Structures are given as C-alpha cells and as structure tokens.
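Residue numbers (the working numbering): 3 to 1026.
Note that beta-carbon positions come from the ideal geometry of N, C-alpha and C, so glycine has one too.
Everything numeric in this text was worked out from a predicted model, so none of it was measured.
What follows is a single structure, written as structure tokens, with notes after it.
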C-alpha cells in the first residue's frame, strides 16, 4: 500500500466502524421500543380477556365466546391479530383471526391451515395468558386459583407507533436517529472505499473507440490465479462494451476468444482452440492485401501494438472495418505469456465519418456555387477561408491569399484609410456614411464592391464572415434605369405607372399630362378606368389577371381616352407587369392612334368596296351572302340572289368614252341603292356586273317581283354629259335553299340565269329553275313550316305508359313524345319532325313545347299519381335561363316538381354537371328528378365513366338494333347500381325473347317497366 492512499484507508476503516456501531445501536433501540410496546399492550388486553371471556367460558356458552373473540379482533385499538381459547384438557373452545377468511380454491384444508399459521407467525409472536374461573373458591387469591382455560393470542407489529408512551417514543426515536447517522456514515464509507480501491486498468479505456486515452501499459501484472481467470472475466466485460478479445499463447495459438470475437470472425470456440491466430484473424490493409496479425507483431516487437484501423475478413468472406490493438502478456515472474488483441467493429463510425465528409463536400459545393464571394477571417482581417467565387472574383488561387489580409483584396478603404476597419461594416449592408469599397484583382483591375460582414463563432474561436458582392452590373443597371426614366418622361407617348392593388397612378410622364390636360396632383387620385371609355372594369381586370398569372408578357387593347375638357381620342395601350418593384406595379404605354384609325378605315373601305361606285366588292359580297345562308337555315325564309348585267355597255364605252361609261355605272349603283331595302346588299363584281342579295323572301315570286321592279327603274333614260342614254339590264335570279350550294355556287347559277335572259332578248328577268324531287320538296316544306306548325298548334302530344313487369302491372310513369300533324304531308313522326326542326334551327322550340305540354297534361291527370318523363337535348342545360323556364312552367300549371323527370343522354348530363351547375342545383333543389335516355350500351358506358348527377331512373331506347342480351345486361347493371329501369320501343321481334330471358333472371324484374309506342295515347289540345 502506497503512502498516497494510506490516509484514505484509515478514514474508510474509521467511518465503516462508526457506521456499523450506529446501525447496531439503532437496531437495539428499536427492538427495545417494540418489546416495551408489546408489554404495555399485553398489560392492556389481558384484564379484558379475564373480564370478558371468563364468564362465557365458565358457563359453556361457546357461541357467545366466539362472538366476543371476533369483536376483540375487530377492535383496532387493541391491535389483536389472532385469539384462541383452549380448555383444561387442551381442546380448542373458540378462535378468531384476521386471516381465517383465506381460502385456496382446490387446495386441501391442511395446506390452507398451514398457510394461515405461517401468516400469524410472520405477523408477530404468540402470547399465552391463563384464565381463572370467576366462580372458583373465593378464599383463594386470584393467583392461587388453578387456571381452567388459556388464551393464545398474537399482537400486530408496529404497536410501538400506537402506544403513546414517552419511554416507547424515546426508544423509537433513538433508534431512528441512530439509523440516520449510520446511513450517513455508510455513504461516506462507500465514497472513501471507492476513492481508494477503484483503479481501473488503463487498457480498458481503449474499449470505447470514441475515447481518446493514453496507450495501455506494456504489460499487465497479475498474480497466478488472476492470470488464469483473466481472459474469461475480461472477455465478458468487453462483450458488454461490444468489443472483441482474442488471447494467444507464445506459439501464436488461440487460447480464448469472447462472444463478440466469434461474431466478427465467424469462428466458434471449439473450432479455434489450438489454431494459429493468422488462420482465424485475417487482417487486410488499405489495399485489401493480407498482413501480419497485430498479435504476431506485438509478440515479435515485444511492445504494444497501437490502435489501428484496418479491415477484417471473416470466415464467410465478408469484410468489415475494425479498430484493433494488441498487448503483450507476462506472468508475475516476468516471463512472456503470449498476447491479447482487443478490437471492435467501426462500421457505424465510418458511416458517420462518410456522412460528415459528404456534408462537408456539399457545403463546400454550395459555397463555391454562390454568386457572391465568401471569406472568413480572424477579428483583425486575416483570411482563413475563401470560396471559389471569391477566388475567381479577385483572380487568385488559395495559396496566394492564405494568411493574407483583406486589405490585399480591397485596398480601398482598408489600406488607404487605416482608421476604417472591417468590423465597421458589421450589419451595415448598403449602409450610408461608410466609405465605398473597391476590389483589386490580381491583374490590377478594379471593380465596385458591396460588403456584408457578420460575427462568426466556431468552437469558441471568434472571427468574421465577409460576403463580397460585385455590383458593377447593378450600378450599370441603375444608371441605365435613370437614363430610361428621363427618356420615358420626355417621350411623346403616354406612360402610366399604377399600383397593382389600388390601380391608382404612381407615375405619369409629361406626354400623358400634356395630352390629357390634368395636373399631376389630380392624376394621383385617378385610375385607368377614370380616363378611359369603351373599357369596362371586367375587361381591364381580366387583362391584369393574365399578366399576374404570367401567361402572357404583355397585353394590348384599344379604347378612348377622355381629356380634361371632355374631348376624346383613340389610343392603343400596351400593358406590362413588373414584379421586381416593391410593391408590384403595372406600366401602360398609350399611343394616340387617331391618324392610324383613319388610315385603317380608308384601307378597310378600299379593300371591301368598289372604288368607282362605292358599292361592296366581291369579298364583302361573299361574306354577306355566306352569313345570309347560315341565317336562312335557322328560319323558314329564302334568299334571292340577283345577277345584273348592263346591256350593250361596250357600245356605250366605244361611242361615248370610258368616262361616260364610269358615270353610267355610278348612276346604276345610285338607282339600285334607292330601290333596295336596308337588309339587302348590292355589290359590283367588276365591269358592268352587279349582284343583289335579298334575304327574307317567302316565295319565288318575291324575287321575280324585285327583278321586275329593278327593270322598271331603268325605263327612263340617264343624263350623261348632256346626253340621254337608254340603259337596260338583264337579270338572273336563283333562290336558296331551293338552290342548294355555297355562295360561289349561287352566284354561278344566277349568272347562268342572267345569260339566259340575254339570249331571250335582253332586258329580262329569268329565274333559275331547279328540278326538285318530291322527297326534297317535302324536306324543304317541313323545314319551312316548323315555326308555323308550332304557332298553329299542329304538334300533338303523346304519352306512353311505362308498365311494371311484375304484378299488378300498373303504370309507373308516362314518357312524353309528340308527332306533327302537317296540313299537306299528314302525320310526321317524331324522328323526322326533330330532324326538320334541327335543320331549321328550331329543335329547342319544339322540345320546350313538348316539355310545357307534358307538364300541363300531367297536371290534368295528377289523380293517377304517376310521374311524367320528358326527353330533351343536352345542350338545353347550357342555356342560363333553362332552369328558370322549367320552374316557371311547373308553377304556372301547379304540377309538383317531384312528378317531373327530365331525361337526357349521358354526355349531356355530364356536360351539365361541369358547365351548368346552377341549372342543375336549381331544378334538383325544387324536386325535379333526372334520368338518362339513351341506348343500352351508351347508358352502361356513361355510368361507368362517372361524372353524372344523382339519377332517378334509366330509360333505355330499345329500338330494333337492341338484342335481348344487351337489354338483360343493362337490366342487371341497373340492379347493381340500385336504379329504376324503363325500356321503351323494344319491338315485337325482341319483346317475347326478352320476357323469356327475364323469366330466367326474375331478380331483375323488380323496378323494371316496359313501354311500347303502340300503347301511347294522344292528349287532346283541350287538356293542354
């Protein structure tokens, strides 16, 4: 024992002895307190036993005795746990206890009684008290009388705390205080012993790779017994630390390896006993080449092998990184006894190191790709780091500026003005009052610099973070902006800059103020809408939204600007949006286009009108004729095309000159203008040819009458330069749509009719006769008479009952239809009537008539309780007033909305769901229900594609093309979707096979209705 630890040894012994003495004294005091408390409690309970129990024992009342015992047990102040009364011969008269209610299910009675006896003995000591007969010989003293019974009882522990006696309390507190002192002394003793005895082996500090401790000693001095037990003990401790241990003898044969070594090498203890260490432990260097084991190197050099990182190849060929060290072993006698290797896997540490390296490379890459130079310096400005941008900015390599001062890179102001320090720029981005900084490149060129400096603390080392920005382009841009500002202010065009939120003008150039005549203070309260006409707010906000969204770079529009004096002038405005400004602004450049519009109008007139007569030319004629053809398809009127040619016009030119001929053409144009309607168009095709387009004609006689009227107009001569010239015209007429074709075809046919007039003697009007087949004549008549039929009530409403297939085969709904009773062509079926209305552009009017008529008819038959289904085209939903019109009809007739079902094809309902939600919501909220009316495949496909509003039923238009199998398929599909199904117009050929197939699938009949066109009945007009 060294002198250094002798004081700790003596102190430890003294404190330990004091702790032991105090503990013994405390135990003795507490034991004395408990014994004294039990004695006091006995003195309390024994008189109670004698008084309360003796009479019952003497009288032989065992039931009363039992009750008294249980009452004593229940008395908390007595602290009794068990009482038993035995007689003179040792028989048990009665007993009671707190544990008598214990029962072990399924256990024998003897086991339960043994358990209770053990519990009573554990609780306290058994006490005996003899009981004397109160009816004995009174001449004998109480102690001289022989006992006739005995009480056996147990007092509960802890009575020392219940007995309020000063002696007991003093003894108890003395024991507690002694134990407290003993605890304090024990803790001090443990601390001193630990301070003295703990002397961990220094080699164990290498077991944790994170610790940085000195190398282990050159040998481990152990006595012989510990030397033999050392591998197992040390191996178990290293296993707990996750480190491996291999011990070899002097022959380099493995003597021991712990569990961690087994896992890392892949060898078991039985396999490695006696094997050479290099055959089990396979170390690899950085080039993955085999090398000597650390144990062999340690024994060869007779010194420790320092901690080294290498790779270990396991038995199965896998490799893992490890850190290994080796120590030579010696016996107490000093003889060498082999070596031990301690190693641990460092895969996780290598992963963390690789992660840190990747993070460092990423950070370096980010810094190098910044558009700004980054420097780190110490507090006095010595450069410690520079990113790639800073090196390129100044033209140096790192070796040139490492350890240099920032004044080498930025001599102005840090070299020229020593009083200015780098720390003055901390937090002073674009600060005012500090000298401007100039960068100095290696090639002696300079550039303006902006500095941002911040304090930097890394590992308690103070420094500065310097961000260097080359502001050459910014200054050039600022100068350019100022120059552009001056140019825009002096421009003759109007330049407005207004706020993106309030739209109020922020800046207005002199050209705008001069053109408008407002004072600058007045314009700050104006917006573009205030000074503009023919520009509504919705259009302007639409332009601005497109610019905000970035879909376009600029928007151009035209409007009128109103001056302060009320005058107006046209402008073309180009709008741009600037997000770079704070807050964002719009810039509008307005150009006065008064002269440009005048020129455009002249050019437009020249391009579309004849220069001699001022009449529309061929381009305008074809455009107006095309529009008239489209309009005729939506009405029952015809178009008359009249082709006019001047008779003997060449002779007029030859005899009187071209000037006279031009005057003739001008007067012809003037006369034609006076005779025609405002809706008619007269055009000059060229030379002496004119064309008149007269829309809105009812009969062909109207066109011929117009031709004759024009001929009569030229019966009187023309006065040309003092001459009276007799001018005549030949006219050819064709009618559209009797003459089918486009604008060029109509002109060609009218031209042919005009030549027939010339061949017939000139000065005539000839109609282009078209041979029309009866079928085409019927089609034209129907197209012409659709509106007349609606007006005169020629359309008749049909209602088709839809009857259940299952009993009682009652009618569930009425499907609305119609036919046309034409006065000339008789009964026109719905398909042909709809086609004619479609060509006439009036199919919407026909379907709305059907809807209105069906609603009024259903109201008249409301007592039947059936609903009415009205098919309409899908495009009706897109009309904004469709929903309002339907509700208006329902309210006018008084039919509940729940009785109306509007049927449309799947595509129409899907389009309504996306584009006409207002109509759908309005009708559905009123109670109107929806249905799909289409063929079976179209219905199935439409529902599978989705996107439909809630449906009430499906109406399948059977037709002759539907097969019974397809109808069964849609019936099953409706059953799956829990939708009602109605099949109409199956046809006689399919009805019987369809009903037969339904007999095999009776589950599909529920909710299925069938209707036939033959069962439809006509509703008299009176009911409507």
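Cβ-Cβ distance between residue i and residue j below 8 Å
i, j, result
"residue 922", "residue 914", "yes"
"residue 415", "residue 451", "no"
"residue 285", "residue 247", "no"
"residue 441", "residue 396", "yes"
"residue 860", "residue 804", "no"
"residue 667", "residue 709", "no"
"residue 694", "residue 624", "no"
"residue 955", "residue 981", "yes"
"residue 419", "residue 391", "no"
"residue 151", "residue 75", "no"
"residue 729", "residue 601", "no"
"residue 300", "residue 278", "no"
"residue 187", "residue 17", "yes"
"residue 468", "residue 408", "yes"
"residue 577", "residue 571", "no"
Coarse secondary structure for residue i, derived from DSSP in three states
i, result
"residue 20", "helix"
"residue 409", "helix"
"residue 214", "Reliability of the predicted coordinates at residue 214 is poor, the pLDDT of 41 falling under 50, and the value obtained from them is presented with this limitation in mind. Residue 214 falls in the coil class under three-state DSSP."
"residue 15", "helix"
"residue 497", "strand"
"residue 208", "Low local confidence applies: a pLDDT of 38 at residue 208 is under 50, so the model's placement there is unreliable, and no value is given."
"residue 223", "Any reading at residue 223 must be qualified, since the residue scores a pLDDT of 42, below 50, and its modelled position is unreliable; the value itself is stated next. Coil at residue 223, not helix or strand."
"residue 1021", "strand"
"residue 716", "coil"
"residue 1", "Coverage of the chain is limited to positions 3 through 1026, which leaves residue 1 absent and any answer about it impossible."
"residue 783", "helix"
"residue 114", "helix"
"residue 4", "Its pLDDT being 42, under 50, residue 4 is placed unreliably in this model, and the value from its coordinates should be taken loosely. In this structure, residue 4 counts as coil in the three-state DSSP scheme."
"residue 826", "coil"
"residue 391", "helix"
"residue 721", "strand"
"residue 790", "helix"
"residue 422", "coil"
"residue 131", "strand"
"residue 528", "coil"
Residue i beta carbon near the ligand ADP (any heavy atom closer than 7 Å)
i, result
"residue 471", "Of ligands this structure carries none, so the ligand ADP is not represented either."
Which residues DSSP lists as bridging residue i, in chain order
i, result
"residue 332", "338"
"residue 450", "440"
"residue 97", "86"
"residue 589", "499, 578"
"residue 472", "451"
"residue 560", "574"
"residue 456", "467"
Below-8 Å beta-carbon distance, residue i vs any chain C residue
i, result
"residue 537", "As a matter of chain content, chain C is missing from the structure shown, which is built from one protein chain."
*Evaluate the contact criterion for the region 510 to 518 versus the region 559 to 575: three or more CB pairs, one atom per stretch, below 8 Å.*
Cβ pair count under 8 Å is three or more, so yes.
*Does the region 356 to 370 come close enough to the region 306 to 325 to have 3 or more Cβ pairs within less than 8 Å?*
Short answer: they don't touch.
*Does the region 662 to 681 touch the region 605 to 619, meaning 3 or more C-beta pairs lie closer than 8 Å?*
Counting C-beta pairs with one atom in each stretch, the region 605 to 619 and the region 662 to 681 have three or more that are closer than 8 Å, which means they touch.
_So within the region 908 to 947, which uninterrupted alpha helix (DSSP H) runs reach at least 4 residues, ignoring any that extend past its ends?_
Entirely contained in the region 908 to 947, the alpha helix (DSSP H) runs reaching 4 residues are, in chain order, 908 to 917, 919 to 928, 938 to 947.
_Ranges of the beta strand (DSSP E) found wholly within the region 251 to 287, counting only runs of at least 3_ = List check, beta strand (DSSP E) in window: 256 to 259, 284 to 286.
*asked:* Closer than 8 Å is the cut-off here; do at least three beta carbon pairs connect the region 261 to 272 with the region 300 to 310?
replied: No, because fewer than three Cβ pairs between the region 261 to 272 and the region 300 to 310 fall closer than 8 Å, the two stretches do not touch.
*Taking contact to mean at least 3 C-beta pairs separated by less than 8 Å, is the region 699 to 706 in contact with the region 639 to 649?*
The way I'd put it, the region 699 to 706 does touch the region 639 to 649; three or more beta-carbon pairs between them come closer than 8 Å.
*Can you check the region 293 to 370 for any beta strand (DSSP E) of at least 3 residues that lies completely inside it and give the ranges in chain order?*
DSSP runs (the beta strand (DSSP E)) wholly in the region 293 to 370: 307 to 315, 321 to 332, 338 to 347.
*Determine, using beta-carbon pairs with one atom in the region 457 to 471 and one in the region 372 to 386, whether at least three such pairs fall under 8 Å.*
Touching, per the Cβ criterion.
*Any chance you could list the beta strand (DSSP E) runs of at least 3 consecutive residues sitting entirely within the region 845 to 895, in chain order?*
Fully enclosed beta strand (DSSP E) runs of 3 or longer: 869 to 873.
*At 3 residues or longer, and completely inside the region 591 to 667: list those beta strand (DSSP E) runs for me, N to C.*
Runs of the beta strand (DSSP E) lying entirely within the region 591 to 667 and spanning at least 3 residues, in chain order: 640 to 648.
*asked:* I want to know whether the region 96 to 103 touches the region 71 to 87 - three or more CB-CB distances under 8 Å.
replied: Yes, the region 96 to 103 is in contact with the region 71 to 87.
_Validate contact between the region 755 to 773 and the region 811 to 823 using beta carbons, cut 8 Å, 3 pairs_ = With contact defined as three or more Cβ pairs closer than 8 Å, the region 755 to 773 and the region 811 to 823 are not in contact.
*Between the region 258 to 269 and the region 292 to 302, are three or more C-beta pairs nearer than 8 Å?*
In this structure the region 258 to 269 does not lie against the region 292 to 302, because fewer than three pairs of beta carbons, one per stretch, are closer than 8 Å.
*asked:* At 3 residues or longer, what runs of the beta strand (DSSP E) sit wholly inside the region 743 to 774?
replied: Listed in chain order, the complete beta strand (DSSP E) runs (minimum 3 residues) inside the region 743 to 774 are 767 to 769.
*asked:* Can you confirm whether the region 794 to 804 touches the region 875 to 887 when touching is taken to mean that 3 or more C-beta pairs between the two stretches lie within less than 8 Å?
replied: Flag = no, the region 875 to 887 and the region 794 to 804 do not touch.
_Any contact between the region 579 to 586 and the region 502 to 513? By contact I mean 3 or more CB pairs, one from each, below 8 Å._
Look at the beta carbons and you see the region 579 to 586 touching the region 502 to 513: at least three pairs across the two are nearer than 8 Å.
_Three Cβ pairs or more, each shorter than 8 Å: is that satisfied between the region 904 to 913 and the region 928 to 937?_
Enough Cβ pairs lie closer than 8 Å, so yes.
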